[in-house]
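Going by my numbering, the first residue of the sequence shown is number 2, and it counts up by one from there.
One structure is given here, and the rest of the page talks about it.
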Amino acid sequence: MVSRLIYSLLFALAGPVSAHEFWIAPEQYQVPAGGTITADLRNGEHFNGSRLPYLPRRFERFDWISAAGIAEVEGRAGDLPAVRIEGAPEGLAVLAYGSTERQITYKAWEKFAAFAAHKGFADVETWHDDRDLPRDGFVESYRRYPKALVAVGHGRGTDRATGLETEFIAEANPYVPGFTSPLPVLLLYQDAPRAQAQVEVFDKAPDGAVTITTQTTDADGRAQIPVEAGHSYMLDAVVLRVPDGPTDAAWETLWATLTFAVP
C-alpha cells in the first residue's frame, strides 16, 4: 500500500514529459504457454526510460488481445510492473493502451520547434505563424497510443487494428519460425493508412546499445523495418494537428508506438 502511494505521488509530481516517448516494455517478449506476461509502462528517450505505475486515471483503455479474445489489463493503482497477466493462452498477445489527454505549456518557442522538427514537422514555424499563435506560453495537448507484441508459447497469430486513434500494425509475426527481415508495418490514423509519415526506429542490441534511424511510410502507409535476431525494437510516429473543438491548446499530438523483439 505504501509503495503504491509513493509511486502514485511521484508520477503525479513529475513534470511534463510530452517530448519523450512512452511505450510498453515487456519484461520478456517470449513467455511459456500458460505463463505470466509482465510489462512496464516507460517514459523516456533513446529506448531507455523510467518505469511508470498502473494508474487508471491516466488511461481511457488498456487492453490485451489474444486467441481468447480481448480483455482489460487489470490492476490496482500504483502496481509495478503495470502489467501482470497470468495464464495467458498460447499465441501472439497484443497489448494496447490509450491514454487520457495531458497538456504541456511551452515557455520557449525553441523547445517546441526542436521537438516538432525532430518528429518530422519541418514546416511547423510557418504553420504556427500562419495561425497568429504566440511564440511562448502556448499549450500542447497530447495522447499516447502504445502497443506491444508478446509471444506466448508458439507465439503464432497476427497483429491487428485495435481501434486506437493512431497505431502501428505489424503485418508479419517476428516470433514465428521462417520470419525474415524486414518487418512490414502499417501505420494508421483514424483507421486509415497514414502516408508520408516519419517513423522513428529504435533498435536495441543485446548489449543494450541503441541505434536510432528514421523511415517514411509510402503512399499506402507502409514501411519495411530492417531487424536482427536478438534485438528488441520500438517504432514511434507522431501526429501533429490543430485541436478540434473548444480547448486552450494551440497544438495536439498523438503518439503511436509499437514494441517487439526478434528471437
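Glycine residues also receive a C-beta, built at the ideal position from the N, C-alpha and C atoms.
Here the segment 84 to 98 makes no contact with the segment 136 to 144; the two share fewer than three CB pairs at distances below 8 Å. Around the beta carbon of Ile-25, 16 or more other beta carbons sit within 10 angstroms, so the residue counts as buried. Taking Thr-248 as reference, the option from Tyr-143, Pro-54 and Ala-230 with the minimal CA-CA separation is Tyr-143. Of the candidates Trp-252, Ile-105, Gly-179 and Val-202, Gly-179 places its Cα closest to the Cα of Arg-157. Distance from the CA of Leu-81 to the CA of Glu-87, rounded to the nearest whole angstrom, comes to 15 Å. Between Leu-241 and Phe-122, the C-beta gap is smaller than 9 Å, which places the two residues in contact. Contact holds between the segment 168 to 186 and the segment 207 to 227, because three or more Cβ pairs, one in each stretch, are under 8 Å apart. Looking at the backbone, the Cα of Tyr-98 and that of Ala-210 are separated by about 27 Å. Two segments are said to touch when three or more pairs of C-beta atoms, one from each, lie closer than 8 Å; by this definition the segment 38 to 56 does not touch the segment 112 to 121. As the crow flies, the alpha-carbon of Gln-29 is around 13 Å from that of Tyr-176. Collapsing the DSSP output to three states places Val-228 in coil. When the five nearest sequence neighbours on each side are left out, the beta carbons in the same chain lying within less than 6 Å of the beta carbon of Phe-63 are those of Val-74 and Tyr-98, in order along the chain.
Sequence-distant Cβ neighbours of Ala-69 in its own chain, meaning closer than 7 Å and more than five residues away, are Pro-90. For Ala-114, the enclosing alpha helix (DSSP H) stretches over residues 110 to 119. Beta-bridge partners of Tyr-146 (DSSP): Ala-257.
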